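Accompanying notes for the structure given below.
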Amino acid sequence: MNEQAVLIIDDEPLIRRAMADYLEECGYRTVTAADGEQGLALARAQRFDIVLVDLRMPRLDGLTVISVLHDEQPDLPIVVVSGTGVLKDAIEAMRQGAWDYISKPVQDIDEVVVVIQQALDIARLREDRDRYQRQLETLNRSLEAEVSRQTQDLWTQNRELAALNRVSYAISAPLDMETMLDRAI
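When the letters of the sequence shown are read in order and numbered with this note's numbering, they come out as residues 329 to 513.
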């Protein structure tokens with residue numbers, strides 16, 4: 329089972345219920361909201377793996393929900409499921425932070441599951457990428473610190489060897505004892 333949490337924000341009760349029922353049959357856990365305000369409150373109160381949002385709703389429209397959620401949770405996948413059919417709306421939704429757009433009425437409900445799974449896969453890949461990036465940055469800082477430490481050790485050893493070299497030269501030169509001691513000191 330997926331057990332991934334899907335928030336469905338749509339003002340049409342039949343669409344909300346039908347989508348929730350189908351997604352639950354597919355193994356998703358769903359929570360529904362009747363408008364943008366309720367959806368935004370739920371998204372702030374609970375952790376969701378993905379949000380499905382209609383654009384035209386009372387109280388708070390979908391574009392505002394997308395914009396606010398994108399600002400507050402930039403890694404949260406948001407998919408528009410809307411019947412506006414206006415290309416300008418789809419473009420604006422994507423500009424605000426939506427990851428994908430499905431037109432209503434949904435002809436093939438399986439399309440919704442495919443889009444959800446693609447968005448979740450992309451989110452997981454981004455999360456993996458970010459985690460690996462953080463690990464690489466940590467490793468890089470460790471390596472830089474180690475290189476710096478070893479460089480300091482080499483400088484110290486180099487100064488010691490230079491001093492020993494001067495002492496060795498001073499001692500090995502055929503000079504009187506007083507001159508050898510002066511050079512060594």
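Just so you know, even glycine gets a beta-carbon here, dropped at the ideal spot from N, CA and C. Fair warning: this is a prediction, and the values are worked out from it, not measured in the lab.
Note down the Cα distance separating residue i from residue j, rounded to an integer number of angstroms.
| i | j | result |
| --- | --- | --- |
| Glu455 | Leu448 | 10 angstroms |
| Leu388 | Ala362 | 11 angstroms |
| Met329 | Arg357 | Low local confidence applies: a pLDDT of 47 at Met329 is under 50, so the model's placement there is unreliable, with the coordinate-based value given in what follows. Whole-angstrom Cα-Cα distance: 10 angstroms. |
| Glu365 | Gly390 | 10 angstroms |
| Glu528 | Gln485 | In the structure as shown, the chain starts at 329 and stops at 513, and residue 528 therefore has no counterpart that could be examined. |
| Arg375 | Ser470 | 34 angstroms |
| Met422 | Val434 | 19 angstroms |
| Leu492 | Ser476 | 24 angstroms |
| Ile394 | Leu404 | 10 angstroms |
| Asn468 | Arg487 | 28 angstroms |
| Met385 | Tyr460 | 39 angstroms |
My understanding is that residue i touches residue j, with C-beta atoms under 8 angstroms, so please give their C-beta distance in whole angstroms.
| i | j | result |
| --- | --- | --- |
| Thr377 | Ala333 | According to the sequence provided, residue 377 is Asp. The question's Thr does not apply to it. Yes, Asp377 and Ala333 are in contact; Cβ-Cβ is about 5 angstroms, under 8 angstroms. |
| Val407 | Asp428 | 5 angstroms |
Closest to residue i by C-alpha separation, out of the options, would be which residue?
| i | options | result |
| --- | --- | --- |
| Gly425 | Asp510, Val379, Ala473 and Thr484 | Val379 |
| Ala371 | Val441, Pro402, Arg423 and Asp481 | Pro402 |
| Val396 | Ala451, Gly367, Thr479 and Leu467 | Gly367 |
| Met347 | Glu439, Gln480 and Gln478 | Glu439 |
| Leu383 | Ile336, Tyr350 and Gly355 | Ile336 |
| Glu331 | Leu415, Pro341 and Val359 | Val359 |
| Ala373 | Thr392, Leu453 and Glu400 | Glu400 |
Have a look at the DSSP bridge pairing and note the partners of residue i.
| i | result |
| --- | --- |
| Leu335 | Val359 and Val379 |
| Asp428 | Val407 |
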